[in-house]
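Numbering-wise, the sequence shown is residues -25 to -1, 1 to 421 according to mature numbering (1 follows the signal peptide of the UniProt record, and there is no 0).
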Amino acid sequence: MSRTPSPAAAAALAASLATVLLVSSCGVKNSGNAQHAQGGSAADLVSAAKAQGQVDYWSTWGEKEPQAAIFKAAADDFTAQTGIKVNIKYLGRSGTTTMPQAIASGSGPDMFDSGTDHIAAFAGQHMTQPIDGVLKLPVPGEDGKSVADVLPPNVLKSATDKDGKLAFVPHTLISTAIWYDAARSPALAAKQPATWTEFLALLQQQKAAGATPIAQDGLVNFYNAYWFYELMMRYAGPGSLAALGTDASAWDRPEVLKAAQGVAELRPYFQDGFMGTKYPAAQNDWAQGKAALNINGTWLPSETRPQAPADAKPSSFTFPMVEGGHSTVEVGSLGWSLSAKAKHAEAAQLFMSHLLRSQVIGRIGTDALNIPSRADAKAPDALKAAQESILKATETNTTYDGATAQDKWWNNVFLPLDDQLLSGTLQPADFVAQGKKKTADALANG
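Below, the structure written as structure tokens:
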């Protein structure tokens, strides 16, 4: 896709952006320490945007990553059409460690990369501010459609904080699924297991045929946690895993033991010595056809693409249902947050509306090989099943059910116990008993 629009497209885009500046009367915040302009006039918005003249964007993408190229091209277009300069600083993944101090001191950016997993932490560090006003902004060149119009409800929910406020504007969707290669498993491609009973039967069938049913990078504890997490979502629904970290009595729910028993049922179906397998050995084995299945995030096909055969056709299915359980689907997202101390807040929010154009978000699928946040933007073939699950879901949950927000409990209590459960050094009933006791101790000790 060309980074420079045709003259006709440029003219249409300029007109659309003028509409945003001159017609929109959505409520946004003035910059820095200025008064809020919630519900302010068009003149307020025009004045603020023109006066600011720039946006400071700190990116945690590497400069050579596809996402960086996509957003840089969009920034150049934005500047060409509005005269508002976008200053991009590339921090890489370590940027989240230095950004809190920069924002607190007032030397940080106007906008920065965020995601569902960071909503609570960033809010707790006073790094962000709600940006619901962006939802009313027209998306340039799209016949008056607003940001809210082009983002599905399940997507917006993934970017919303506990108070129902929009925490960031999403561009990419992420989820967890069970992955297989349709080229090497045609029967599985034709029919995936819909229930836990069918799933176990599939694993038994694969093992009986001499195959390794599941590849597991056992030294990655948060990958190991996928199994218990997904089973909790099936048995008890959204909020149930997170509750285990905030209320010791939540461990008494019968669904917790059922989920633990489900994890124990999986032990015979991993590769030999799986708990000692170092990432990315197991997922690469899966990509090369040495194992039938791998549970992982929607980044898996792109991560394993270099190791996969040329004719590979990776695809996925949602976690199997349990009797009487929940059909919830994980929906997480990545996007852009507005700094709590943004000096150019209106200009940053206008840039966000520009970034939501279909030709920008479409490249998340074609160039970055991820699931775009817009329903009308196609995901890569490997992610079409996951995209469909997200868009059709009637019940959703965030990644790990938001349990990682209790970071000390998650890292010091849950993950070690979960590793022991998966490995077989701890049986389901003991897992529940120790989980309750250690959670109570952790809560008592602050």
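Just so it is clear, CB atoms sit at the ideal spot from N, CA and C, and this is done for glycine as well.
query                                                                                                                                                                     : result
Give the range of the beta strand (DSSP E) segment to which S314 is assigned.                                                                                             : Run containing S314: none; DSSP gives neither H nor E here.
Assign K383 to one of two classes, buried (16 or more other C-beta atoms within 10 Å of its C-beta) or exposed (fewer than that).                                         : exposed
Which value, in whole angstroms, describes the spacing of the CA atoms of L126 and T103?                                                                                  : 21 Å
Is the Cβ-Cβ distance between residue 443 and A368 less than 9 Å?                                                                                                         : Outside the modelled stretch of the chain, which goes from -25 to 421, sits residue 443, for which no answer is possible.
Which two residues bound the contiguous alpha helix (DSSP H) that contains W385?                                                                                          : Where W385 is concerned, there is no enclosing alpha helix (DSSP H), given that its DSSP letter is neither H nor E.
In chain order, what residues of the same chain have a beta carbon less than 8 Å from the beta carbon of A266, not counting five sequence neighbours either side?         : A186, T187, P188, I189, A190, Q246, A257 and D260
When you compare only the Cα positions, how much space is there between Y65 and A79?                                                                                      : 19 Å
Identify whether G237 lies in helix, strand or coil by the three-state DSSP scheme.                                                                                       : helix
Where DSSP assigns a beta bridge to N269, which residues make up the other side?                                                                                          : W154
Give me whichever residues DSSP pairs with S121 in a beta bridge.                                                                                                         : P113
Where does R68 land, buried or exposed, given buried means 16+ other C-beta within 10 angstroms?                                                                          : exposed
Does the pairing of the region 123 to 138 with the region 288 to 308 give three or more beta-carbon distances under 8 Å?                                                  : yes
According to DSSP, is Q42 helix, strand or coil?                                                                                                                          : helix
State the DSSP-derived secondary structure class of F245, mapped to helix, strand or coil.                                                                                : strand
Please specify which runs of the alpha helix (DSSP H), each continuous and at least 4 residues long, are wholly inside the region 328 to 410, giving them in chain order. : 333 to 341, 359 to 367 and 390 to 398
So, for F174: in the same chain, excluding its five sequence neighbours on each side, which residues have a beta-carbon less than 7 Å away from its beta-carbon?          : P168 and P295
Does E298 come out as helix, strand or coil in the three-state DSSP assignment?                                                                                           : coil
Going by DSSP, which residues form a beta bridge with K60?                                                                                                                : Q29
Check for me: the alpha helix (DSSP H) holding G90 runs from which residue to which?                                                                                      : Counting along the chain, G90 falls outside any alpha helix (DSSP H), though it belongs to the beta strand (DSSP E) covering M86 to G90.
Nearest-angstrom Cα distance between P403 and L216?                                                                                                                       : 16 Å
Can you tell which of W311, P145, H319 and T73 has the C-alpha that lies nearest to the C-alpha of A26?                                                                   : H319
Check whether the Cβ atoms of S290 and D376 lie closer than 9 Å to each other.                                                                                            : no
Comparing C-alpha positions only, which one of A123, A55, K39 and I149 sits nearest to N372?                                                                              : I149
Going by beta carbon distance, what residues of the same chain come within less than 6 Å of W311, once the five residues before and after it are set aside?               : M86, F143, V144 and M327
Hey, how far is the Cα of D51 from the Cα of T35?                                                                                                                         : 19 Å
When you compare each of R159, Y155, H301 and T414 to A218 by their alpha carbons, which one comes out closest?                                                           : T414
Compute the minimum distance between the beta carbon of R159 and the heavy atoms of the ligand MN, and state whether it is under 8 Å.                                     : As presented, the structure is devoid of all ligands, the ligand MN included, so that no description of it is given.
Output the distance between the C-alpha atoms of Y254 and L275, rounded to the nearest integer angstrom.                                                                  : 12 Å
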